[in-house]
Amino acid sequence: MNLAESKKRENRMISIFEQIFEVKRADIDQLKKSLPLDELKKMAQDRPPCRDFKGALTGRECAVIAEVKFRSPSKGLLRAGLDPAVVAEIYERNGAAAISVLTDRPFFGGEKFYLNVIRRTVGLPVLRKDFIIDSWQVYESRMLGADAILLIVGMLEDRQLREYLDLAGTLGLAALVEVHDHEELERAVRANAGIIGINNRNLKNFITDLNTTLELVSSIPGDRFVVTESGIRSREDVQRMMSAGITAFLIGETLMTAPDIGLKLRQLLGKEDAVS
Ligand SMILES: O=C(O)c1ccccc1NCC(=O)[C@H](O)[C@H](O)COP(=O)(O)O
10 MNLAESKKRE NRMISIFEQI FEVKRADIDQ LKKSLPLDEL KKMAQDRPPC RDFKGALTGR
70 ECAVIAEVKF RSPSKGLLRA GLDPAVVAEI YERNGAAAIS VLTDRPFFGG EKFYLNVIRR
130 TVGLPVLRKD FIIDSWQVYE SRMLGADAIL LIVGMLEDRQ LREYLDLAGT LGLAALVEVH
190 DHEELERAVR ANAGIIGINN RNLKNFITDL NTTLELVSSI PGDRFVVTES GIRSREDVQR
250 MMSAGITAFL IGETLMTAPD IGLKLRQLLG KEDAVS
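Here it is as structure tokens:
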């Protein structure tokens with residue numbers, strides 16, 4: 010790809026990222042009208058306690074957060090005709106530590122109700138993977154049955170990041186705070202994020218590069234838990250990250266496009282012989 014082509018691609022991708030933001034904003038404004046915050050807060054309070062997301066990841070040599078992701082802006086359709094609960098059950102049976110669920114419909118083919126359905130099917134903690142840009146969505150995540158939420162630093166101001174982190178904590182939700190470069194990492198650390206996800210995917214041009222994790226990991230204080238996200242394709246990729254001290258991996262596309270999802274997960278975990 011020459012420079013002009015790469016610039017063109019980046020501009021096209023930025024516009025998708027902006028579109029995601031606009032669609033979310035409009036969606037939330039609409040939802041707030043049909044479900045006022047006070048009502049939502051009551052519904053969120055009535056939920057059973059959250060499962061321990063961080064606890065599920067710690068103490069393992071290799072913990073995979075396996076993602077239920079049917080399509081993506083970068084790759085289009087990843088998998089059709091599979092029940093999300095069946096996918097989650099395969100993940101649990103084959104050694105996943107937690108499940109990540111895309112709840113965005115227009116760009117990722119997800120649904121909010123998947124959270125509850127999956128949580129009732131498996132015993133693992135469930136991460137809501139969406140674009141959180143309003144505190145309303147933090148309450149909504151709790152109401153929908155999430156045990157953890159994703160906060161993307163690049164989409165939030167410092168004030169929002171702190172507010173949503175505090176709110177998540179108050180509601181019993183864990184927060185995976187996602188960064189892609191040094192500046193975002195510094196902001197996440199300053200905001201006191203306990204679980205930091207390094208996204209190997211550049212959300213402006215969608216290029217994935219595992220070196221992103223290798224470059225950032227040494228700047229993360231030792232008291233924070235690190236997850237590497239996106240672009241992990243093989244056991245070799247996992248081992249490369251493990252040599253840098255990474256023990257937790259968020260993996261979507263590689264699992265969702267595998268002919269045998271359970272086998273692929275076992276291979277990534279280095280347990281090819283496990284019973285499916
Ligand atoms: O996956 C995309 O194309 C994408 C595009 C724009 C914003 C976010 C995107 N993905 C969300 C994720 O963070 C991934 O689903 C997750 O890290 C897993 O990545 P992968 O294993 O590469 O599917």
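Under the numbering used here, the very last position in the sequence shown is 285; numbers go up by exactly one each time. C-beta atoms are modelled at their ideal positions from N, C-alpha and C, and glycine is treated no differently.
Which term fits residue i, buried or exposed, when burial requires 16 or more other beta carbons within 10 angstroms of its beta carbon?
i, result
"V131", "buried"
"D232", "exposed"
"Q146", "buried"
"K84", "exposed"
"K138", "buried"
"P93", "buried"
"V95", "exposed"
"G68", "exposed"
"T222", "buried"
"N220", "exposed"
"F122", "exposed"
"H191", "exposed"
"E76", "buried"
"T179", "exposed"
"E193", "buried"
"N209", "buried"
"N201", "exposed"
"E48", "exposed"
"K273", "buried"
When every heavy atom of ligand 2 is checked, does at least one fall within less than 8 Å of the C-beta of residue i?
i, result
"S243", "In the structure on display, ligand 2 does not appear, and the ligands it does have are ligand 1."
So for residue i, helix, strand or coil by DSSP?
i, result
"A155", "coil"
"T130", "helix"
"A253", "coil"
"L91", "coil"
"S81", "strand"
"R137", "strand"
"R60", "coil"
"F122", "helix"
"A197", "helix"
"I241", "coil"
"I270", "helix"
"T67", "coil"
"L44", "coil"
"Q28", "helix"
"I37", "helix"
"I142", "coil"
"L180", "helix"
"L160", "strand"
"K280", "coil"
"I229", "coil"
"R171", "helix"
"S285", "Note that S285 has pLDDT 40, beneath the 50 cutoff, so the model's placement of it is unreliable and the number below is only indicative. S285: coil per DSSP, three-state reduction."
"L165", "coil"
"R102", "helix"
Under the assumption that residue i contacts residue j (Cβ atoms under 8 Å), give the Cβ distance between them as a whole number of angstroms.
i, j, result
"I108", "V135", "5 Å"
"L87", "R80", "6 Å"
"F30", "K213", "That belief does not hold up - the Cβ atoms of F30 and K213 are roughly 12 Å apart, past 8 Å."
"T263", "R242", "5 Å"
"R196", "D175", "Going by Cβ atoms, the distance from R196 to D175 rounds to 15 Å, so no, they are not a contact pair."
"V236", "G206", "4 Å"
"V162", "V186", "6 Å"
Tell me whether residue i, by its Cβ, gets closer than 8 Å to a heavy atom of ligand 1.
i, result
"N208", "yes"
"K273", "no"
"E187", "yes"
"I108", "no"
"S150", "no"
"E238", "yes"
"F79", "no"
"T263", "yes"
"S43", "no"
"L49", "no"
"T112", "no"
"E120", "no"
"E193", "no"
"I260", "yes"
Going by DSSP, what residues sit across from residue i in a beta bridge?
i, result
"G206", "E187, V236"
"E76", "S109"
"T217", "R210"
"I260", "A75"
"L86", "R80"
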